[in-house]
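For the sequence shown, my numbering gives the first residue as 17, with consecutive numbering after it.
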Amino acid sequence: MSTTTYGSLPAPGAAATTAGTRAPTRAGAEPRPVPPLGGTRVDSLTGLRWFAALGVFLFHTKRYVSESAALTQLSWIGYEGVPFFFVLSGFVMAWVARPDDTATGYYWRRFARIWPLLAVTTAGVVALRVWWWHQPVSAADVLWTLTFAQSWSSEHFFTLNVVTWTLSVEAFFYLAFPLLHKVLSRCPSRLLAVVAVLSVAATAATRILGPRYGFAPDVERLVVASPLSLTPMFVLGVCTAMLVRRGRRPPFGSGVALTLTAGTVLLCWLWFRHPDAVPYVEVRTGTFDAVLMPAFALLIATVALRDVRGERSLLRSRPLVRLGEWSFAFYICHVIVLKVFEHLGTAPGPGLGRDLVQIAVVAVGTVAVAGCLHEWVEKPAERRLRPLLGARRATA
C-alpha cells in the first residue's frame, strides 16, 4: 500500500499565515484575524453525533408509536441521522487532514477505530441468534459484514445487524478519501461550492428516479443506498470543511443554522403528512436526504466555527460530549438491544403511553450497553491497535 502523503491543506494552526486569513469587514474597519482553522478540536460536533444516533434509534422504534400517525411520521424522519453522519464524516475527515499524513497510517487508524466494535457486536449477534433466538446464521453473512462488503450486495445488505450496512458505506468513504482529498484540495473555492451543490442534486436525482421508474427493490436499494450513490453526502461534507478552512463562512451563526435545520425537519414532517403536496415524488425512507443535506452542512460548519472562536456551547457540555463519544457504540448496538428487550416482553402493544415508556427504558438500556462497549471494547482496542503499524515498520 502506498505511503505517499495525501494532505495539502495547511497544518493545524498554520492557517493564519495563508492567504485569506482575515475576516471580511465593513469598509474602513480594521480587519479581524481569523482563528486558526482545521485540526482545531471541535467537541460540539461530538455532541451533535449523539442526536443523530438518537434519531436513528427513534426510526427503529417507530412500531412502538404506530397508534399516533404524527409520531410515526416523525420517527421515520429519524432515519436522516444516517445522511447526517455521512456529511459529518466528510467534514471531520477534511477538517483534521494533515499534510504529513500517509494513506497507510490513515487507513490503519480508521480500521482500528471501527472494526473491533463491529467484530464484537457481530459475534454477539451470532451468539444471540444461535443460542437464544434460534435463527439461522449464514457464514457468508458474517464474512460480508466483517469485510465491510455488505452494502455492495442486495442479498447480504441487511445481514445480522441491520445497521452495519452503513459501516460498509463509511469504509468505502475512508478508502476513497485520500484520493478525493487530493483532487478537491486543488480546486478553487468556487468550484468546491459547485461540487457541493451538484452533490445535493445527485442525491435528489437518485431519490426521485427509483420510485418514478419502478425499479425492482434490489435494484432500487443499490441506486439509493449503495456506497457510490451515497458518496455525494460525504463529498458535501469534505467540500464544506475545505471551504471553512479557507475562511469561507456561512452568513449566520449556529443558532440560525439550528433553526433552519429544525424548520426543514418540520417541513419534511408536513410533507410526510401531505404526500401529494409534491407531485412525482413518493415519500419513503430517504426521500428527505437531499432536502436536509444543505441544512446539515451549514449546521456542522457553524457549530465547528463556534468552537474555533471559543464561544460557549451546550453541545460542548460534558454529558453531551460523553454521549457523543458513546454514539458509535450506541448506533451499532441499539437494534440488538431493542431485539433483546422485545424477547424479554417489551414488544409494542396497545396503549401509546405504555409504549413510550418502553422506548425510554430501551433507550436507557442501550446507553448503558453503549457505555460499556465504548469503555471496555472500543477505546482499549483502538489504543492497542493504533501503535502496531508503527511498531511493525520499526522492526521491518
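Glycine included, every Cβ here is placed at the ideal spot set by N, Cα and C.
By the neighbour-count definition (other C-beta atoms within 10 Å, threshold 16), residue 102 is a buried residue. Across the structure, residue 193 and residue 117 are spaced so that their CA atoms are roughly 12 Å apart. Judged by DSSP in its simplified three-state form, residue 138 adopts helix.
In the DSSP annotation of this structure, the continuous segment of the alpha helix (DSSP H) that includes residue 198 starts and ends at 181 to 200. Between residue 219 and residue 309, the CB-CB gap stays under 8 Å. Under a 10 Å Cβ-count criterion, residue 371 is classified as buried, with 16 or more other Cβ atoms of the shown protein chains found around its own Cβ. Going by DSSP, residue 89 is part of the alpha helix (DSSP H) stretching over 85 to 93. No residue range can be given for residue 296, since it is assigned to no alpha helix (DSSP H) and is classified by DSSP as neither H nor E.
Residue 160 sits away from residue 243, with the two beta carbons spaced by 8 Å or more.
Residue 268 sits exposed, since fewer than 16 C-beta atoms from the chains shown fall within 10 Å of its C-beta.
Around residue 343, the same chain offers 65, 66, 69 as residues with beta carbons nearer than 6 Å, after the five sequence neighbours per side are excluded.
In this structure, DSSP gives residue 175 a state outside helix and strand, which the three-state scheme calls coil. By the Cβ test, the segment 138 to 154 is in contact with the segment 169 to 177, since at least three Cβ pairs between them sit closer than 8 Å. DSSP places residue 340 inside the alpha helix (DSSP H), whose first and last residues are 334 to 341. For residue 118, the secondary structure class from DSSP, reduced to helix, strand or coil, is strand. Note on geometry: alpha-carbon atoms of residue 236 and residue 226 lie some 6 Å from one another. Here the segment 193 to 204 does not lie against the segment 290 to 299, with fewer than 3 beta-carbon pairs under 8 Å apart.
The beta carbon of residue 404 is closer than 6 Å to none in its chain, skipping five residues each way along the sequence. Assigned with DSSP and collapsed to three states, residue 99 falls in helix. Here DSSP, grouped into helix, strand and coil, assigns residue 113 to coil. Taking all protein chains shown into account, residue 80 has 16 or more neighbouring C-beta atoms within 10 Å of its C-beta and is therefore buried.
Assigned with DSSP and collapsed to three states, residue 311 falls in helix.
The DSSP-derived three-state label of residue 262 is coil. If you draw a straight line from the Cα of residue 305 to the Cα of residue 347, it is about 19 Å long. Residue 114 and residue 76 have their alpha carbons spaced roughly 37 Å apart.
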